[in-house]
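When you line the sequence shown up against numbering that gives the first Met the number 0, it's residues 0 to 208, in that order. Everything below concerns the one structure shown next.
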Amino acid sequence: MTAKECGHHEEEESRLYRRLFSLFIGLAVLVLFIIFLVFLILRPAKPAFVLRDATIYQFNASTAPGLLTTNMQVTLVSRNPNERIGIYYQKLDTYASYRGQQITLPTLLPESYQGHKEVIDWSPFLCGSAVPVSPFLTAALEQDRNAGSVLLDIKVDGRVKWKVGTWVSGKYHLHVNCPALLVFKEPSGGIAVGPSMKIQITQHCTVDV
């Protein structure tokens, strides 16, 4: 084989490889476009969260200095409203806040997969021991307790992924806020459980994804 024929053969091989590579890239882009199109057509709906109840074991504030101790357990219910899309929950931290200040340590919820129309229940404990609070919050909390009710916010922060068939999306930030009105005077809707009190709430939560 002459040098000219050899060079021509190598050029044909190079051209063939480029065509195969272009075909592979084109097929990959087409598959991704089809998956993305299906994803848009299905239009995934946000999961729905409900705060069902709260059991209060300890909720005490000291005025000098301003310290708040909280020990409670809440029941959170999540429902996937989608008929063809599953949801992966990852790194979900839940905690309680009072008037914008976090008053418990974050509790990590177990990572979960939620199938179509499925419901998941979580019952995390939320605890904060001698958490410093401002004098303003201490006074506001005292007023609320004297009035017989305290409004807390149960929050969830984490990540979700959508699953369509075998395709799994990237991570999306999930933020959930559940107002929890804790009523300590009659009629309280509370159930005495030994030294604790279980309060039925059934509060729908706001969800941002």
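Positions of the beta carbon are idealized from the N, C-alpha and C atoms, including for glycine.
Just to confirm, does residue i get its C-beta within under 6 Å of one of the non-hydrogen atoms of the ligand COA?
{"i": "L31", "result": "This structure simply doesn't include the ligand COA, nor any ligand for that matter."}
Please list the terminal residues of the continuous alpha helix (DSSP H) segment that includes residue i.
{"i": "R144", "result": "134 to 146"}
Could you check what DSSP says for residue i in three-state terms: helix, strand or coil?
{"i": "F32", "result": "helix"}
{"i": "R158", "result": "strand"}
{"i": "F124", "result": "strand"}
Per the DSSP calculation, residue i is bridged to which residue(s)?
{"i": "P131", "result": "L66"}
{"i": "P178", "result": "D152"}
{"i": "I119", "result": "S77"}
{"i": "Y88", "result": "S111, V159"}
{"i": "S96", "result": "Q101, D152"}
{"i": "T165", "result": "None; T165 has no bridge partner."}
{"i": "L173", "result": "G157"}
{"i": "V208", "result": "BP columns for V208 are empty, so no partner."}
For the beta strand (DSSP E) that contains residue i, what are its first and last residues?
{"i": "K197", "result": "195 to 203"}
{"i": "F48", "result": "47 to 61"}
Here's a check: name, in chain order, each residue in its chain whose Cβ is nearer than 6 Å to the Cβ of residue i, leaving out the five neighbours to either side.
{"i": "L67", "result": "A60, I102, V130, V132"}
{"i": "L173", "result": "G157, V159, V208"}
{"i": "F183", "result": "G147"}
For residue i, which residues in the same chain have their Cβ closer than 8 Å to its Cβ, ignoring the five residues on either side in sequence?
{"i": "S168", "result": "F38, K160, W161, K162"}
{"i": "S122", "result": "Q72, V73, T74, L75"}
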